[in-house]
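Take a look at the structure set out below.
Protein chains in written order, with the working numbering: chain A, 99 to 212; chain B, 42 to 150.
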């Protein structure tokens, strides 16, 4: 049982380049989330989805876009990467948004923007 | 806005000593509070939630509404408790979990 899988795990980009992070979950969860983790900042929510075809902004959505075309996948896109987007990105999923707060996390994707 | 504060970035204790990781929240309503843990080379995972009033791996946490705190405690620390601990809160019915900045606990043998 893979749980939540993120690809790629590492990526280096130049300023202005675009890329997409893919998150896949095999638990049939309705809710999916993208967080970024920065030193001294904890985890901050970028975007989330409450079901297939839906997306919503989180705490720090600027510079990112997301799509949830399939229930099991949640894509995070950077159209024009900036050095400020250097971070570790975590995808998570949960059965429902009010499922007692238990999120299942991926292993993280480390992105460096030069 | 909801905020979760973990004042200690690093905490070291000796094996067998009591440990307390501090967490304070700012939400004035009725929040749901959680502790997440990330062991070395493992994924972030839920440790416990206040609503369950449970003890997991010897850890407990009591919600103190008067002090707006949700400190994580264990009477006798073990080496395997060394990890990164995050306190998190959410408003009842909301979809967003707010995380603190985390505390790295090191248990010294």
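For glycine and all other residues, C-beta sits at the position ideal for the given N, C-alpha and C.
Own chain, CB closer than 7 Å to residue 97 (chain B), minus 5 neighbours either side, in chain order: Taking the second chain and counting its residues from 1, one reaches residue 97 (chain B) at position 56. Contacts found: 88, 89.
So with Cβ pairs under 8 Å, would you call residue 129 (chain A) a contact of chain B? Here residue 129 (chain A) refers to the residue found at position 31 when the first chain is read from its first residue. So, interface residue.
From A:160, A:139, A:125, A:115, residue whose alpha carbon lies closest to that of residue 204 (chain A): Position 106 of the first chain, counting from 1, holds the residue named residue 204 (chain A). Here the closest residue by C-alpha is A:125.
Please classify residue 144 (chain A) as buried or exposed, where buried requires at least 16 neighbouring CB atoms within 10 angstroms. The residue labelled residue 144 (chain A) in the question sits at position 46 within the first chain. Buried, because 16 or more other Cβ atoms sit within 10 Å of the Cβ of residue 144 (chain A).
From this set, B:75, B:71, B:84, which residue's C-alpha is nearest residue 202 (chain A)'s C-alpha? As a position in the first chain, residue 202 (chain A) is number 104, starting the count at 1. Nearest neighbour of residue 202 (chain A) by Cα position, chosen from B:75, B:71, B:84, turns out to be B:84.
Closer than 8 Å by C-beta to residue 117 (chain A): which residues in its own chain qualify, once you throw out the five before and the five after it? Chain order, please. Reading the first chain from its first residue, position 19 is the one you call residue 117 (chain A). 109, 111, 175, 176, 179, 209, listed in sequence order.
Do you know how far the Cα of residue 118 (chain B) is from the Cα of residue 160 (chain A)? The sequence position of residue 160 (chain A) within the first chain is 62, counting from 1. The sequence position of residue 118 (chain B) within the second chain is 77, counting from 1. Rounded to whole angstroms, the separation of the alpha carbons of residue 118 (chain B) and residue 160 (chain A) is 41 Å.
Output, in chain order, the set of chain B residues within a Cβ distance shorter than 8 Å of residue 156 (chain A). Here residue 156 (chain A) is taken as the residue at index 58 of the first chain, counted from 1. Around residue 156 (chain A), the beta-carbon contacts reaching into chain B at under 8 Å are 137.
Per DSSP, the bridge partner or partners of residue 122 (chain A): For the purposes of this step, residue 122 (chain A) is taken as residue 24 along the first chain, with counting starting at 1. By DSSP's assignment, residue 122 (chain A) forms a beta bridge with A:103, A:171.
Looking only at its chain, what residues have a beta carbon closer than 8 Å to the beta carbon of residue 140 (chain A), apart from the 5 residues adjacent to it on each side? Residue mapping note: residue 140 (chain A) aligns to position 42 of the first chain, counting from 1. Same-chain partners within the cutoff: there are none.
is_contact[residue 51 (chain B), chain A] using C-beta, thresh 8 Å: The sequence position of residue 51 (chain B) within the second chain is 10, counting from 1. No, residue 51 (chain B) lies away from the interface with chain A (no Cβ there is under 8 Å from its Cβ).
Assign residue 75 (chain B) to one of two classes, buried (16 or more other C-beta atoms within 10 Å of its C-beta) or exposed (fewer than that). The count along the second chain starts at 1 and reaches residue 75 (chain B) at position 34. Under this definition residue 75 (chain B) is a buried residue.
Can residue 51 (chain B) and residue 126 (chain B) be called in contact, C-beta distance under 8 Å? Taking the second chain and counting its residues from 1, one reaches residue 51 (chain B) at position 10. Taking the second chain and counting its residues from 1, one reaches residue 126 (chain B) at position 85. At least 8 Å separates the beta-carbon of residue 51 (chain B) from that of residue 126 (chain B).
Reference residue 78 (chain B), options B:143, B:115, B:148, closest by Cα: One-based indexing of the second chain puts residue 78 (chain B) at position 37. Nearest of B:143, B:115, B:148 to residue 78 (chain B), Cα basis: B:143.
Do you know offhand how far residue 129 (chain A)'s Cα is from residue 134 (chain B)'s? For the purposes of this step, residue 129 (chain A) is taken as residue 31 along the first chain, with counting starting at 1. For the purposes of this step, residue 134 (chain B) is taken as residue 93 along the second chain, with counting starting at 1. In this structure, the straight-line span from the alpha carbon of residue 129 (chain A) to that of residue 134 (chain B) is close to 13 Å.
From residue 56 (chain B) to residue 112 (chain B), what distance separates their C-alpha atoms? Looking up residue 56 (chain B) in the second chain gives position 15. Looking up residue 112 (chain B) in the second chain gives position 71. Between residue 56 (chain B) and residue 112 (chain B), the C-alpha separation is close to 19 Å.
8 Å is my cut-off, CB to CB: does residue 84 (chain B) come that close to chain A? Here residue 84 (chain B) refers to the residue found at position 43 of the second chain. Judged by the 8 Å Cβ criterion, residue 84 (chain B) is in contact with chain A.
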